[in-house]
Each structure stands twice: as structure tokens, then as C-alpha cells.
Amino acid sequence: MNRYAHILYDDNSYCSPKRATFDFRTKTGLMTTWSKEQAQELLEKKYWTCLSAYSLECSIRRKITFERKHSDVNLLYFKYSTELPESVESYFDFETIETISKFFSLRQITEDVYTMLKEYERGIMTFEEHFFSNWLIKIFEESEVEGDRKSLEVFLMRYVEIFVTKILWNTYGGDLNRLRKDLSAIVYTYTEMKDFFEGV
Numbered sequence: 008m009n010r011y012a013h014i015l016y017d018d019n020s021y022c023s024p025k026r027a028t029f030d031f032r033t034k035t036g037l038m039t040t041w042s043k044e045q046a047q048e049l050l051e052k053k054y055w056t057c058l059s060a061y062s063l064e065c066s067i068r069r070k071i072t073f074e075r076k077h078s079d080v081n082l083l084y085f086k087y088s089t090e091l092p093e094s095v096e097s098y099f100d101f102e103t104i105e106t107i108s109k110f111f112s113l114r115q116i117t118e119d120v121y122t123m124l125k126e127y128e129r130g131i132m133t134f135e136e137h138f139f140s141n142w143l144i145k146i147f148e149e150s151e152v153e154g155d156r157k158s159l160e161v162f163l164m165r166y167v168e169i170f171v172t173k174i175l176w177n178t179y180g181g182d183l184n185r186l187r188k189d190l191s192a193i194v195y196t197y198t199e200m201k202d203f204f205e206g207v
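Residues 8 to 207 (my numbering) make up the sequence shown, in order.
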């Protein structure tokens, strides 16, 4: 089942496409509309904003520029951009994201990591071994995961490391407020990248 939904809008109107595919490698895509009239309207106005959501987990906004029509009258080529820093994609770890997504809510884990960082900034907690042990126990109790817990713990801690050492500092310069605004977009991007590689 396709859990992705897309809404196109500008200052005066909005619509949903029949189908849309996004290629993060080239920042291009294809969009199938419900009618040739809808395709023509999108092409004529050219510049749109697209709100994409994955289930109730996460969402992202993209600026879309329609380029041209395919020989199929309802199929359009487009280019897109996001406000998410490009370096976020470079820290994507397929094995880690795939494993976590299989057993947990990637959104919830990401929000947990952000909460840790915020509490550390406020001096409420310290990154000590016992803290992570308690967090992992809580995660497994809430999810009732069965299987190789030790292996899953490794992937969870790897995700924490990616956020703390790479995304927060290398991309956001330690600015938690900026990071907070992009959390949903980061989760969406990693989910979309995971699904892309699973389909290759």
C-alpha cells in the first residue's frame, strides 16, 4: 500500500496528483495527473509548492518547477528543491534506517534523540552509559520487539551517533532550534531514501 500523499498548491489553488515519484539523486521527478486539463494547468503555472506526507509519521515541503510534458498527456517532468540542507542526505545509512523502521517508529526514535539533546543542553541529563541503557530498556518495553535485541541496540545507538556527531554539529552547527524545525523533513527524507533503495 502506498502510504505517501502529495498536495500541490500555490497562492490561488491546490490539487492532488494521481501519482508522483521523486528522485533524490537528481532532484527531479515525474507526476501523473488525473486529466490532461490538470496537467496543462500545472505546466502553465509552472511553479508550485508540494507538501508530501508519509502516513502520519512525517512530511516535507518542496518547491516544484514543471519542465515539460511527456508524450503521455497526463505525465509531467519536474525539478524540485527543499530547504533541508543537502548534507543531511549524505549521512543516510541504509542498513540503520531500514532496521530501525522495521521494528520502531523512526519519527518517535528521532524525537527521542532530539529530546535527549535538548535536555543535555539544559543541563538536565548527561550522556552516560546508564542513561542510554535506561532509554533502550524503555524503547524495547514500549515496542514489545522480539528478536536479537543486541543487534537492534547497535543500530539504535548508531542512529543516535549520526544525529549527535554529524547532523547536529556538522549540518546545524549545534543549533537545536533549527534542527527541531527540520525533524519531520529529515524523517521523511530518510524514509523516502530507504524505500527508494529497497525498490532498486
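Ideal Cβ positions, reconstructed from N, Cα and C, are used throughout, including at glycine.
Continuous beta strand (DSSP E) stretch holding T214: start and end: Since the displayed the chain opens at 8 and closes at 207, residue 214 lies outside it and no answer follows.
Environment of K52 [buried if 16+ CB atoms lie within 10 Å]: On the sequence shown, residue 52 is found 45 positions in, with the first residue counted as 1. It is exposed - the Cβ of K52 has fewer than 16 other Cβ atoms within 10 Å.
K34 versus K86 - alpha carbon distance: Translated into the one-based positions of the sequence shown, residue 34 becomes position 27. Translated into the one-based positions of the sequence shown, residue 86 becomes position 79. Computed Cα separation, rounded: 6 Å.
I236, enclosing beta strand (DSSP E) - first and last residue: No information on residue 236 is available, as it lies outside the stretch 8 to 207 that the chain covers here.
Span of the alpha helix (DSSP H) around Y121: The count along the sequence shown starts at 1 and reaches residue 121 at position 114. Its alpha helix (DSSP H) spans residues 113-128.
Touching by the beta-carbon criterion (3+ pairs, under 8 Å), the region 87-99 and the region 137-154: no
Buried or exposed by the 16-neighbour rule on C-beta atoms within 10 Å, applied to Y54: As a position in the sequence shown, residue 54 is number 47, starting the count at 1. The residue in question, Y54, is exposed, as its Cβ has fewer than 16 Cβ neighbours within 10 Å.
Test item: CB-CB of E74 and Y84 under 7 Å: Within the sequence shown, numbered from 1, the residue matching residue 74 stands at position 67. Within the sequence shown, numbered from 1, the residue matching residue 84 stands at position 77. Yes; because the gap between Cβ atoms is below 7 Å, this pair is in contact.
Straight-line gap, S140 to M38 (C-alpha atoms, nearest Å): Position 133 of the sequence shown holds residue 140. Position 31 of the sequence shown holds residue 38. About 46 Å.
Sub-7 Å separation of T89 and R69 beta-carbons: Position 82 of the sequence shown, counting from 1, holds the residue named residue 89. Position 62 of the sequence shown, counting from 1, holds the residue named residue 69. Yes, Cβ-Cβ distance for T89 and R69 is below 7 Å.
Residue closest to C208, alpha-carbon to alpha-carbon, out of N9, L49, T28, R32: Since the first residue of the chain shown is 8 and the last is 207, residue 208 is not available in this structure.
Separation of R165 from T56, as counted between CA atoms: Along the sequence shown, read from residue 1 onward, the residue named residue 56 stands at position 49. Along the sequence shown, read from residue 1 onward, the residue named residue 165 stands at position 158. Each residue's Cα considered, the two are about 34 Å apart.
Endpoints, the beta strand (DSSP E) within which R75 is located: Locating residue 75 in the sequence shown gives position 68, where the first residue counts as 1. Counting along the chain, the beta strand (DSSP E) containing R75 begins and ends at 65-76.
Coil, strand or helix - I14 by DSSP: Locating residue 14 in the sequence shown gives position 7, counting from the first residue. Here I14 sits in strand by DSSP.
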